[in-house]
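Sequence order for the protein chains is A and B. Under the working numbering, the first sequence has 176 at position 176, and the numbering climbs by one with no breaks. Here the working numbering runs 1000 ahead of the position in the second sequence, where the first position is 1. Working notes, beginning with the structure itself.
Number of protein chains: 2
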Amino acid sequence: MASGGEVISNKQVIFKQFVEGFPKESDMAVKTSSISLKVEEGSNAVVVKNLYLSCDPRMRFRMKHSKDPGFVSFQPSSPLEGFGVAKVVDSGHPEFKKGDLVWGTVGWEEYSVIKNPESIFKIHHTDVPLSYYTGILGMPGLTAWAGFYEVCAPKKGEYVYISAASGAVGQLVGQFAKLMGCYVVGSAGSKEKVEILKNKLGFDDAFNYKEEHDLDAALKRCFPEGIDIYFDNVGGKMLDAVLLNMRLQGRIAVCGMISQYNLGQSEGVCNLMNIVYQRIHMVGFIVFDYFPQYSKFLEVVLSLIREGKIVYLEDIAEGLENAPAALVGLFSGRNIGKQVVVVARE
Amino acid sequence: MASGGEVISNKQVIFKQFVEGFPKESDMAVKTSSISLKVEEGSNAVVVKNLYLSCDPRMRFRMKHSKDPGFVSFQPSSPLEGFGVAKVVDSGHPEFKKGDLVWGTVGWEEYSVIKNPESIFKIHHTDVPLSYYTGILGMPGLTAWAGFYEVCAPKKGEYVYISAASGAVGQLVGQFAKLMGCYVVGSAGSKEKVEILKNKLGFDDAFNYKEEHDLDAALKRCFPEGIDIYFDNVGGKMLDAVLLNMRLQGRIAVCGMISQYNLGQSEGVCNLMNIVYQRIHMVGFIVFDYFPQYSKFLEVVLSLIREGKIVYLEDIAEGLENAPAALVGLFSGRNIGKQVVVVARE
Chain A
1 MASGGEVISN KQVIFKQFVE GFPKESDMAV KTSSISLKVE EGSNAVVVKN
51 LYLSCDPRMR FRMKHSKDPG FVSFQPSSPL EGFGVAKVVD SGHPEFKKGD
101 LVWGTVGWEE YSVIKNPESI FKIHHTDVPL SYYTGILGMP GLTAWAGFYE
151 VCAPKKGEYV YISAASGAVG QLVGQFAKLM GCYVVGSAGS KEKVEILKNK
201 LGFDDAFNYK EEHDLDAALK RCFPEGIDIY FDNVGGKMLD AVLLNMRLQG
251 RIAVCGMISQ YNLGQSEGVC NLMNIVYQRI HMVGFIVFDY FPQYSKFLEV
301 VLSLIREGKI VYLEDIAEGL ENAPAALVGL FSGRNIGKQV VVVARE
Chain B
1001 MASGGEVISN KQVIFKQFVE GFPKESDMAV KTSSISLKVE EGSNAVVVKN
1051 LYLSCDPRMR FRMKHSKDPG FVSFQPSSPL EGFGVAKVVD SGHPEFKKGD
1101 LVWGTVGWEE YSVIKNPESI FKIHHTDVPL SYYTGILGMP GLTAWAGFYE
1151 VCAPKKGEYV YISAASGAVG QLVGQFAKLM GCYVVGSAGS KEKVEILKNK
1201 LGFDDAFNYK EEHDLDAALK RCFPEGIDIY FDNVGGKMLD AVLLNMRLQG
1251 RIAVCGMISQ YNLGQSEGVC NLMNIVYQRI HMVGFIVFDY FPQYSKFLEV
1301 VLSLIREGKI VYLEDIAEGL ENAPAALVGL FSGRNIGKQV VVVARE
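Below is the structure:
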């Protein structure tokens, strides 16, 4: 029970049931609960007002009943959780005070109680859009940074291919690769996204995978010399086609496989023998392993933003009511750029 | 034309036609040709008498019509080629003289003309069986050594799994891993091989994959804590099951995928998302990249043999007439240990 303090209404996006196949808006419901804005006495929790919520593909894993301790399933009848930007309303923790801006895991609701404030980051730089801390300056940004610089071990002049290239992570990998002096091609699922890759994000080339009957042929057209680095966000048939086009000593950074997340049984990948022929390094990584490098990352990427050397596309959904559709839209590729939900702007 | 010298008959194993599916003995024919034992004047070639021939799974690649410059197809109506141990009969090359023992690529025939003697190694140590230079001291040995120590980056106490574990490469990887202080399990295709793994080669455990209906369950039984290192010689369903059992930061060295070589279309591998979950490094390698390290390898492994710290199982077929059956037998797992063909003993 809350020990006094203002109790106000708290709109929430409730997780209704475990999901098989493609998630639907009806797997979630927007309801109104109530919350005390005061931290319980003796607790070191923090109460926050949520401003921006992040829609991330890996939330799909938490929508199924999981035995894996690495993926804590969402609780039916409770709010979803994800990364978000929030403002501290009350704090029992010495490192946070009312008014602080933070980012980290919050509930999909107007106000959240954060019971382990050690897991959230304080935001010190507000000369950039706050929503960036769900994207370029948050988990997806660190994913792109660690995945490209640490996992791919890129060299100037190398041929880099990125799938889901206009997404939260892909658009940054492409820009990092251009800054490194690589030749960069991305794929995405619409003509509009392809135009953005080429004209706004500085990719050397791009293609719409939905219009290619033969992915192998599309890759051969874009990479007549083959691919040195594949940043894989999609898995499945695309990965299989890429394996046919890798160069000697190529590297595949496996970030995610969004094409597979809603399938009962993953598609089989057949061309793995090319890993031997071309001496490929295929490496899976998870951003959480790189969180200790966050402050170094932040310094570098903030500078790139301020110097105008890097841009970031966001797709903003307004209001918690639109959050279920925004999340579901990730899996049909409806979003252009990082999908964010605005709960409140301050 | 040969410029003089003794011309004698030369029995050969002729490659008849490109192969689809499983190779058959009838894809080859034993015929008798003739050869001059004198090197042509002005040539730096070497004429050798072949003693031991190596049957290697990767010869399968050369039995199909290949557009890949990395795999030069066998020429129909010409002898097969492969690694072998031979004795120099005549030499136009300053580094080789009559009577020298060598190993390297030779024809499947009694006598071969080696036109590029730079590609062959002189044998200096003959206190071990000469046939070892087709196996433990030749290409398979270097494969096991480089694949385990360089690609797998093993640490004492790690859990190591090896498929095709009694084969030319697998039996060595297992022994190297035991010397490193790892827990080592191998799989093979018969009860006899499993006994050999446990009782002759010092594996901690072994299983017959042909008797396991559920490879995932078999691996969970052998590795309740999971697998740190998988040395993959087979690919396909086994690789898929292993992916479900890898530990965090596990390494998969992809040496070969013999289960796939005779299939028109490779089996699909479905569990690749585990590469992300467990941050797996899956690395393909080819022994030829490690040939510059051969002398270092030779020194180490010769010592291990002489000290009795390592043993090597060979399966010896007698005579060129039996070479086609020996080669074909690799793909049904007929051989126990390294498959060698004796052409002559001196």
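C-beta atoms are modelled at their ideal positions from N, C-alpha and C, and glycine is treated no differently. All values derive from a computational prediction rather than experimental measurement.
List the endpoints of the continuous beta strand (DSSP E) containing residue 941/B.
-> The question about residue 941/B has no answer, for chain B in this structure spans 1001 to 1346.
Kindly list the residues whose CB is nearer than 7 Å to the CB of residue 132/A, restricted to its own chain and excluding five residues on each side of it in sequence; keep chain order.
-> Against the first sequence, residue 132/A aligns to sequence position 132. If we look at residue 132/A and ignore the five residues flanking it on each side, its Cβ neighbours are 312.
What residues are listed by DSSP as bridge partners for residue 52/A?
-> Taking the first sequence and counting its residues from 1, the one referred to as residue 52/A is at position 52. Residue 52/A pairs with 85/A, 342/A.
Name the one or two DSSP bridge partners that residue 101/A has.
-> Counting from one through the first sequence, the residue named residue 101/A turns up at place 101. Looking at the DSSP assignment, residue 101/A forms a beta bridge with 87/A.
Backbone CA spacing between residue 1/A and residue 68/A [nearest angstrom] = Taking the first sequence and counting its residues from 1, the one referred to as residue 1/A is at position 1. Taking the first sequence and counting its residues from 1, the one referred to as residue 68/A is at position 68. No answer about residue 1/A holds up, because its pLDDT of 41 lies below 50 and its placement is not dependable.
Could you round the C-beta distance between residue 1063/B and residue 1094/B to whole angstroms and report it? I think they count as a contact, below 8 Å.
-> Position 63 of the second sequence, counted from the first residue, corresponds to residue 1063/B. Position 94 of the second sequence, counted from the first residue, corresponds to residue 1094/B. Residue 1063/B to residue 1094/B, Cβ: 36 Å. No contact.
Take residue 1327/B and list the residues in its own chain whose beta-carbon comes closer than 6 Å to its own, dropping the five residues that flank it on each side.
-> Locating residue 1327/B in the second sequence gives position 327, counting from the first residue. Result list for residue 1327/B: 1055, in chain order.
Does any CB atom of chain B fall closer than 8 Å to the CB of residue 271/A?
-> Here residue 271/A refers to the residue found at position 271 when the first sequence is read from its first residue. Yes, because at least one Cβ of chain B sits closer than 8 Å to the Cβ of residue 271/A.
Taking all protein chains shown into account, do 16 or more other C-beta atoms lie within 10 angstroms of the C-beta of residue 1210/B, making it buried, or fewer, making it exposed?
-> Taking the first residue of the second sequence as 1, we reach residue 1210/B at position 210. When all chains shown are included, residue 1210/B counts as exposed.
Taking 8 Å as the CB-CB limit, is residue 1002/B close to chain A?
-> Locating residue 1002/B in the second sequence gives position 2, where the first residue counts as 1. With a pLDDT of only 44 at residue 1002/B, under 50, the local geometry of the prediction cannot be trusted, and no value is derived from it.
Own chain residues within Cβ distance below 8 Å of residue 1232/B, not counting five before or after | Residue numbering aside, residue 1232/B sits at position 232 when the second sequence is read from its first letter. Within the same chain, residue 1232/B has close Cβ partners 1163, 1238, 1239, 1242, 1252, 1253, 1254, 1255, 1256, 1257.
Leaving out five residues before and five after residue 139/A in sequence, what residues of the same chain have Cβ atoms less than 8 Å from its Cβ?
-> As a working mapping, residue 139/A is identified with position 139 in the first sequence. So the list reads 54, 56, 83, 287, once near-sequence residues are dropped.
Hey, quick one: how far does the alpha helix (DSSP H) through residue 139/A stretch, first residue to last?
-> Locating residue 139/A in the first sequence gives position 139, where the first residue counts as 1. Where residue 139/A is concerned, the enclosing alpha helix (DSSP H) stretches over 139-145.
Neighbour-count burial assignment, residue 8/A, 16 or more Cβ in a 10 Å radius | Position 8 of the first sequence, counted from the start, is the residue given in the question as residue 8/A. Residue 8/A is exposed by the Cβ-count criterion.
Determine which residues of the segment 140-157 of chain A have a Cβ less than 7 Å from any Cβ of chain B, and write them out in chain order.
-> none
Taking contact to mean at least 3 C-beta pairs separated by less than 8 Å, is the segment 1113-1127 of chain B in contact with the segment 1070-1080 of chain B?
-> no
If we ignore side chains and look at the alpha-carbon of each, how far apart do residue 297/A and residue 290/A end up?
-> For the purposes of this step, residue 297/A is taken as the residue at position 297 of the first sequence. For the purposes of this step, residue 290/A is taken as the residue at position 290 of the first sequence. About 10 Å.
Is residue 315/A buried or exposed, if buried means 16 or more other CB atoms sit within 10 Å of its CB?
-> Position 315 of the first sequence, counting from 1, holds the residue named residue 315/A. Under this definition residue 315/A is a buried residue.
CB contact check: residue 186/A to chain B, cutoff 8 Å = Reading the first sequence from its first residue, position 186 is the one you call residue 186/A. Closer than 8 Å: no.
Flag residue 1339/B as yes if its beta-carbon sits less than 8 Å from any beta-carbon of chain A, otherwise no.
-> Here residue 1339/B refers to the residue found at position 339 of the second sequence. Closer than 8 Å: no.
Does the beta carbon of residue 1276/B come closer than 8 Å to any beta carbon on chain A?
-> By 1-based counting over the second sequence, the position of residue 1276/B is 276. Cβ-Cβ to chain A under 8 Å: yes for residue 1276/B.
Closer than 7 Å by beta-carbon distance: list the chain B residues that pair up with residue 279/A, in chain order.
-> For the purposes of this step, residue 279/A is taken as the residue at position 279 of the first sequence. Under the 7 Å cutoff, chain B gives 1284, 1285, 1286, 1289.
From this set, 1030/B, 1097/B, 1282/B, 1171/B, which residue's C-alpha is nearest residue 1049/B's C-alpha?
-> Within the second sequence, numbered from 1, the residue matching residue 1049/B stands at position 49. Considering only alpha carbons, the answer is 1097/B.
Backbone CA spacing between residue 129/A and residue 337/A [nearest angstrom] = To locate residue 129/A, count along the first sequence from 1; it is residue 129. To locate residue 337/A, count along the first sequence from 1; it is residue 337. If you take the alpha carbons of residue 129/A and residue 337/A, they lie about 15 Å apart.
List, in order along the chain, the chain B residues whose C-beta lies closer than 7 Å to that of residue 254/A?
-> Working through the first sequence from its first residue, we reach residue 254/A at position 254. What residue 254/A touches in chain B: 1275, 1276.
Any beta-carbon of chain B closer than 8 Å to the one on residue 265/A?
-> Sequence index remark: in the first sequence, residue 265/A carries index 265 (1-based). Output row for residue 265/A: interface = yes.
Answer yes or no: does any C-beta atom of chain A fall closer than 8 Å to that of residue 1293/B?
-> In the second sequence, residue 1293/B corresponds to position 293, counting from 1. No, residue 1293/B does not count as interfacial toward chain A.
Along chain B, which residues have their Cβ under 7 Å away from the Cβ of residue 260/A?
-> For the purposes of this step, residue 260/A is taken as the residue at position 260 of the first sequence. Near residue 260/A (Cβ distances below 7 Å), the residues of chain B are 1273.
Just how far apart, CA to CA, sit residue 1330/B and residue 1323/B?
-> Position 330 of the second sequence, counted from the start, is the residue given in the question as residue 1330/B. Position 323 of the second sequence, counted from the start, is the residue given in the question as residue 1323/B. Approximately 11 Å between the Cα atoms of the pair.
List the residues of chain A that residue 1257/B touches, going by C-beta distances under 8 Å, in chain order.
-> Sequence index remark: in the second sequence, residue 1257/B carries index 257 (1-based). The contacting residues are 272, 273, 276.
Residue 1207/B: first and last residue of the uninterrupted beta strand (DSSP E) it sits in | Looking up residue 1207/B in the second sequence gives position 207. 1205-1208 is the span of the beta strand (DSSP E), which, as asked, contains residue 1207/B.
Exposed or buried, residue 186/A, counting other C-beta atoms within 10 Å across all chains shown (16 or more means buried)?
-> Against the first sequence, residue 186/A aligns to sequence position 186. Buried, because 16 or more other Cβ atoms sit within 10 Å of the Cβ of residue 186/A.
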